[in-house]
Each structure stands twice: as C-alpha cells, then as structure tokens.
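Take a look at the structure set out below.
Numbering (this note's numbering), first residue to last: 76 to 204.
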C-alpha cells in the first residue's frame with residue numbers, strides 16, 4: 076500500500092510543497108521495500124527530510140504569524156521524535172517496519188490533509204488580504 080501525494084496537499088509555498096512531496100516519495104520507497112539495507116538507508120533519509128521540511132515549514136509559520144504555530148510544531152516534534160526513535164532501533168538491529176509504516180501513513184493521510192491544509196488556507200488568505 077502506498078501513500079498518494081495529491082496536488083490539493085500543496086500549501087502554496089513552492090519549496091515547502093516540493094519537500095512535502097519528497098517525504099511522500101521516501102515514505103513510498105520505505106513501504107515498497109523488504110530489503111533491510113534499503114530500509115535502513117530510507118529511514119535515515121526520512122528523518123533528515125522530515126527535519127529539513129519541518130524547519131522550513133516552521134520558519135514559514137513564524138514569518139507569517141500563523142496562529143496555530145505552537146500546536147503544529149508540537150506535532151512535528153512528536154513525529155520526528157518517534158521517527159528518530161525507530162531509526163535508533165534500526166541502528167541496534169531491530170527493524171519494526173509495521174510501526175514505521177503506520178507512523179508515516181498516519182502523517183501522510185492525517186496530518187498533511189488536515190493540519191497542513193489549515194496552514195495552506197491561512198497562507199492563501201494572508202496573500203489575498
């Protein structure tokens with residue numbers, strides 16, 4: 076099962092949108108593989124991509140005075156903490172692919188279309204004001 080990037084997930088910032096789409100692609104690469112070597116490198120890439128994307132998104136929210144900044148940041152930190160924890164497990168030789176897959180699916184199928192959509196609407200309203 077894959078997660079599908081949809082153009083409706085775009086928030087209106089080209090760089091943030093491209094990074095989000097890449098996170099979906101990395102998630103799909105992880106979901107599609109059963110090769111432990113590929114899974115290990117992909118989870119490292121997922122951690123790096125998520126961190127970079129969240130930093131960019133949070134800077135954008137600060138610049139635009141997004142009212143949901145603190146809650147949104149807390150969600151970012153929760154995902155990143157969980158992802159890093161799973162990555163450290165992999166480094167110790169324990170691959171819990173179902174847990175990582177569930178974490179990333181939830182992110183792609185819940186956070187992006189719900190929470191990031193709120194940010195997108197805010198940014199669109201700010202630009203038209």
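Glycine residues also receive a C-beta, built at the ideal position from the N, C-alpha and C atoms.
How many angstroms separate the CA atom of residue i from the CA atom of residue j?
i	j	result
residue 139	residue 106	35 Å
residue 101	residue 89	18 Å
residue 141	residue 148	11 Å
residue 109	residue 164	17 Å
residue 154	residue 178	8 Å
residue 91	residue 168	33 Å
residue 113	residue 96	20 Å
residue 171	residue 111	11 Å
residue 83	residue 145	24 Å
residue 182	residue 85	15 Å
residue 180	residue 203	33 Å
residue 87	residue 199	7 Å
Counting C-beta neighbours from all protein chains within 10 Å, is the total for residue i 16 or more, i.e. buried, or is it exposed?
i	result
residue 156	exposed
residue 81	exposed
residue 196	exposed
residue 184	exposed
residue 132	buried
residue 136	buried
residue 125	buried
Can you list, in chain order, the residues of its chain whose CB lies under 7 Å from that of residue i, leaving out five sequence neighbours each side?
i	result
residue 193	143
Along the alpha helix (DSSP H) that carries residue i, what are the first and last residues, could you check?
i	result
residue 180	172-181
residue 186	No alpha helix (DSSP H) holds residue 186; DSSP gives it neither H nor E.
residue 166	144-166
residue 136	111-138
residue 102	89-107
residue 193	192-203
So residue i packs on residue j, CB below 8 Å; how close in whole Å?
i	j	result
residue 150	residue 190	6 Å
residue 158	residue 122	5 Å
residue 103	residue 78	6 Å
Go through its chain and collect everything with a Cβ distance to residue i's Cβ below 6 Å, but skip five positions before and after it.
i	result
residue 175	161
Between residue i and the rest of its own chain, which residues show a CB-CB distance below 8 Å, the 5 nearest in sequence each way excluded?
i	result
residue 201	139
residue 186	150, 154
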